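For the sequence shown, our numbering gives the first residue as 980, with consecutive numbering after it. Where a beta carbon is used, it is the ideal one built from N, C-alpha and C, also for glycine. In this text, all values refer to a predicted model and were calculated from it rather than measured experimentally. To start, the structure under review is shown below, and the notes come after it.
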Amino acid sequence: MRFATRTTNGDKALGMHIALTITELDPGGAETCLVHLACYLAARGHEVAVFCLGKPPSETRRKLTDRLDASNISWNCGGKTRAFQFPAAVQWLRRELRRFSPDVVQSMLYHANVTTALALSGTSIRLYGGVRVRQPQRTRWWLQRFASSRMSKLVCVSDDVARHCIDRERILPDKVVVIPNGIDLSSVQKLITQPEAESGWQAFGLPSQCRVLLYVGRLDAQKGVVELLPQADELLCQAPEHHFVLMGDGPQREQVATGIAAMRSAERVHLVGWQTDPICWMAQSELVLLPAQYEGMPNVILEAMAVGKPVVSYRVDGLKQLLGDGAAAELQLVPPGNHHAFAHAIHRLILAPDIRDQCGRHNHLRATEHFQLFDQMKKYETLYGVEADKPLDAA
């Protein structure tokens, strides 16, 4: 992805030294946002470095670090993944930040927020936190509130998450700003036309003309896949032309596989693992499903919107902000935890192609008008400039 290059004066960039810190760099929503931000800031002429507390991603999961390499952005991993390594993580990050000497540090995710706040203690470096989801563990609220006291601002991914931070974590309202996720529609268009997508669902052993209900995401407790399987079984028995594809991996993979094996429609449920570019498969699906119990502002829904697909999701944080108001939005959202309503919403949409098309058009328009990637990344840059009392040049 390429962004407009920032104006320079000779060989000297008119930018800041900006460090970005995060818990890990395996592909995920927060990690993708951070890499988008790194590439944007570097292309705008800022000196950018990325610091990851955990281990480097495996060879098959280097999509994001490959993008950093392609943009000549340095990145370093501390290899600290256990709770007992927390003091060592603080010391490691303190050394790395001292060496890089940033003007601004942007952290993302709970562990990185707390670790970075401690690593910067005793310095005057400006810190901006990043909250991507409400913390379900109350014990973390106090620590995040403590970390926010060291921050210039705390950037929340959605209005819902911001309200949680203010109302439940008791973070000062004037500390909190909202910058939603963004999507690069031109890059999406390139992805959905790439050669590997041409083989269609046959690449996973499905019939060439099948109708696919698609889940993309981690297989863990947050995402609610295990709980959805019984309802999916009932639904597929009523929809003999449809297949259910689960695209992802995670700690519940074996549990999901066991649940699939017990389904009457097991031959039409496909666990295909993690895929590098799931957007191209979203474009070939009929519906994109998200049964998550909680979110912040799910990238998978925004990606489905970008390819003009209808979705079915629980009304968790960020969904109302993504889909907006109106009948099309309401058709795609159901009360959290109501598995019967979730299955009913799917059934209603698969029986009504006109309504599916209406929802898909609504979603694409929302993505185009409200969630362009450049617009969201620019908000971070403007925030850093405003806080430094140094207005940035116009793009």
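In the displayed model, M1261 falls within a helix according to three-state DSSP. Excluding the 5 residues flanking it on each side, L1207 has same chain C-beta neighbours closer than 6 Å at P1270, in chain order. Distance between L1151 and V1286, taken at the CA atoms: about 38 Å. The count of Cβ pairs closer than 8 Å, one atom from the stretch 1210 to 1226 and one from the stretch 1182 to 1195, reaches three, so the stretches are in contact.
Buried is the label assigned to S1292, since at least 16 other Cβ atoms lie within 10 Å of its Cβ. Beta-bridge partners of C1031 (DSSP): I1001 and C1056.
By a beta-carbon distance limit of 8 Å, Q1123 contacts E1148. Their separation comes to about 6 Å. Residues A1028 of the same chain have their beta carbon placed closer than 6 Å to that of S1053, with the five preceding and five following residues left out of the count. Rounded to whole angstroms, the gap between the alpha carbons of E1348 and L1302 is 11 Å.
In the DSSP assignment, G1238 falls within the alpha helix (DSSP H) that extends over R1232 to A1240.
Here DSSP, grouped into helix, strand and coil, assigns L1281 to helix. For S1292, there is no enclosing alpha helix (DSSP H); the enclosing beta strand (DSSP E) covers residues V1290 to Y1293. The stretch 1271 to 1283 makes no contact with the stretch 1208 to 1219: fewer than 3 CB pairs, one atom from each, lie closer than 8 Å. The bridge partners DSSP lists for Q1351 are I1162.
Under the DSSP definition of a beta bridge, Q1085 partners with L999 and Y1107.
Here L1250 carries a strand assignment [DSSP, helix/strand/coil]. The DSSP-derived three-state label of E1038 is helix. With distances taken between CA atoms, D1138 lies nearest to V1156 out of R1129, V1156 and W1121. For L1193, no alpha helix (DSSP H) run applies; the uninterrupted beta strand (DSSP E) run containing it begins and ends at R1190 to V1195, by DSSP.
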